[in-house]
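For the sequence shown, the numbering used here gives the first residue as 1, with consecutive numbering after it. Ideal Cβ placement from N, Cα and C applies to all residues, glycine included. First up is the structure itself, then whatever we jot down about it.
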Amino acid sequence: MKYAVIDMSSTGVSTVVAEGDKQSGIFSAVYKDRTNIAVADYFDGHSISHRGIEKLIDALINARSTVKAMGVEECYCISTAALRNIDNIEEVAEKIRMRTGIVINYLDGVTEAYCDFLSNRKYMAYEKVILIDIGGGSVELCDFKKERKDEMVCLDFGPIKLRNKYVVDIYPTEEQAKHIKKYVRKKSDEANLAGKNEFTTAVLVGSINDALYAVYSEYCEKEKLSTEFNYANYKQFCKWLLTSSDRTRLIMKVAPEKIHVLPVAAIVLKEMLKRFKPDNVMISDCGVKEGYLSLVATGGETGIPIDLNTGVPAYTPEAVVRKKKSNKK
1 MKYAVIDMSS
11 TGVSTVVAEG
21 DKQSGIFSAV
31 YKDRTNIAVA
41 DYFDGHSISH
51 RGIEKLIDAL
61 INARSTVKAM
71 GVEECYCIST
81 AALRNIDNIE
91 EVAEKIRMRT
101 GIVINYLDGV
111 TEAYCDFLSN
121 RKYMAYEKVI
131 LIDIGGGSVE
141 LCDFKKERKD
151 EMVCLDFGPI
161 KLRNKYVVDI
171 YPTEEQAKHI
181 KKYVRKKSDE
191 ANLAGKNEFT
201 TAVLVGSIND
211 ALYAVYSEYC
221 EKEKLSTEFN
231 YANYKQFCKW
241 LLTSSDRTRL
251 IMKVAPEKIH
261 VLPVAAIVLK
271 EMLKRFKPDN
281 VMISDCGVKE
291 GYLSLVATGG
301 ETGIPIDLNT
311 GVPAYTPEAV
321 VRKKKSNKK
């Protein structure tokens, strides 16, 4: 059987289709897709604009059509911190339900971290592993010595929140970067995160970390450095990202939809790597979607599936106008 999860995040709508057995909770991804949407462009710090909602709806309709055409029998739509915490989420969710027939399943931070853990258990073969997922609205951390859901860590900030709090332009100034570093360290201390020598391997999860690594690799290629992820090169990369006149060109070449989050995300990741001092840094190809599928299959989470047997509700601007006039009468 085929199953699918559609994820609404701060940088787009992504889909994974997997085959597997629900009883065992073991799935293998057969298809992945992503529609990049720079939601930050439509976010004023509190709400998503009408145009931003329309772009999300278009992407969701395309994702729904794709999974149905692929013969998916069960599909869920999830949303994590970046969209869960917006002020007009009820309006957004209702418009999505009316226009697409999709009901959103919201994940809290601990569940999001646990999904990351479930989808990356293959890394348990390594010693002393810390998993780091920098999302738009939160940071999830999983110490692989701790396997219970209540042992997962979610820090209630992400690049979008930090950018809104400290940064005036797209790129933080050196002074603004200092404030961000101080904030990340303070929050890490309050969460009693482990320090150096506790972990030898860091596993980076999520689309923001993927984009960071892609831009970092291009930078290393340009500077004729090894693209292997090491702290010395990454520290140099972060300094370049804050000061170089060439940074925008490189980001727009590799990850244009992430330009609003990457500069701040780079600082957050640098602080995490500085704190943990792992010997190895690895990039994972699995994340929240794969873990959520496993969690629902094994009964750890009760999600509301998308009814793929019904069509997308008919919608035209004229129909909305008629409905408004009818309501006034």
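Where glutamate 94 and methionine 252 are concerned, what is the direct C-alpha to C-alpha distance, given to the nearest angstrom?
-> Numbered from 1 along the sequence shown, position 94 holds the residue referred to as residue 94. Numbered from 1 along the sequence shown, position 252 holds the residue referred to as residue 252. For glutamate 94 and methionine 252, the gap between their C-alpha atoms comes out near 33 Å.
Nearest-angstrom Cα distance between tyrosine 219 and glycine 101?
-> Locating residue 219 in the sequence shown gives position 219, counting from the first residue. Locating residue 101 in the sequence shown gives position 101, counting from the first residue. Taking the straight line from one Cα to the other gives about 43 Å.
Kindly indicate the opening and closing residues of the beta strand (DSSP E) around phenylalanine 27.
-> Taking the sequence shown and counting its residues from 1, one reaches residue 27 at position 27. Counted as a single uninterrupted DSSP element, the beta strand (DSSP E) harbouring phenylalanine 27 occupies residues 26-36.
What span of residues does the alpha helix (DSSP H) with leucine 193 cover, start to end?
-> Locating residue 193 in the sequence shown gives position 193, counting from the first residue. Annotation for leucine 193: no alpha helix (DSSP H) segment contains it, and DSSP assigns it neither H nor E.
Simplified DSSP assignment, three categories, for lysine 2 | Position 2 of the sequence shown, counted from the first residue, corresponds to residue 2. Here DSSP, grouped into helix, strand and coil, assigns lysine 2 to strand.
Taking just the CA atoms, how far does alanine 211 sit from leucine 262?
-> As a first step, residue 262 must be located in the sequence shown, where it is residue number 262. As a first step, residue 211 must be located in the sequence shown, where it is residue number 211. Approximately 8 Å between the Cα atoms of the pair.
Give the secondary structure of phenylalanine 157 by DSSP, where H, G and I count as helix, E and B as strand, and everything else as coil.
-> Locating residue 157 in the sequence shown gives position 157, counting from the first residue. Under the three-state reduction of DSSP output, phenylalanine 157 falls in the coil class, being neither helix nor strand.
Looking only at C-alpha atoms, which of Tyr114, Gly71, Glu257, Ala29 sits nearest to glycine 136?
-> Translated into the one-based positions of the sequence shown, residue 136 becomes position 136. Nearest C-alpha to glycine 136: Glu257.
Beta-bridge partners of threonine 15, as assigned by DSSP | As a position in the sequence shown, residue 15 is number 15, starting the count at 1. Residue pairing by DSSP places threonine 15 opposite Ile6, Asp33 in a beta bridge.
How many whole angstroms separate the CB atoms of asparagine 88 and serine 47, which I take to be in contact at a CB cut-off of 8 Å?
-> Looking up residue 88 in the sequence shown gives position 88. Looking up residue 47 in the sequence shown gives position 47. Taking C-beta atoms under 8 Å as the contact rule, asparagine 88 and serine 47 qualify, at a distance of about 4 Å.
Would you tell me roughly how many angstroms separate the C-alpha atoms of aspartate 58 and methionine 8, rounded to the nearest one?
-> Residue numbering aside, residue 58 sits at position 58 when the sequence shown is read from its first letter. Residue numbering aside, residue 8 sits at position 8 when the sequence shown is read from its first letter. Their backbone Cα atoms lie some 12 Å apart in a straight line.
With C-beta atoms as the reference, is alanine 202 less than 8 Å away from isoleucine 267?
-> Counting from 1 along the sequence shown, the entry for residue 202 is found at position 202. Counting from 1 along the sequence shown, the entry for residue 267 is found at position 267. Taking 8 Å as the cut-off, the beta carbon of alanine 202 is found no closer than this to the beta carbon of isoleucine 267.
Find out if the Cβ-Cβ distance for the pair alanine 4, cysteine 75 is shorter than 8 Å.
-> Here the question's residue 4 lines up with position 4 in the sequence shown. Here the question's residue 75 lines up with position 75 in the sequence shown. Alanine 4 places its beta carbon less than 8 Å from that of cysteine 75.
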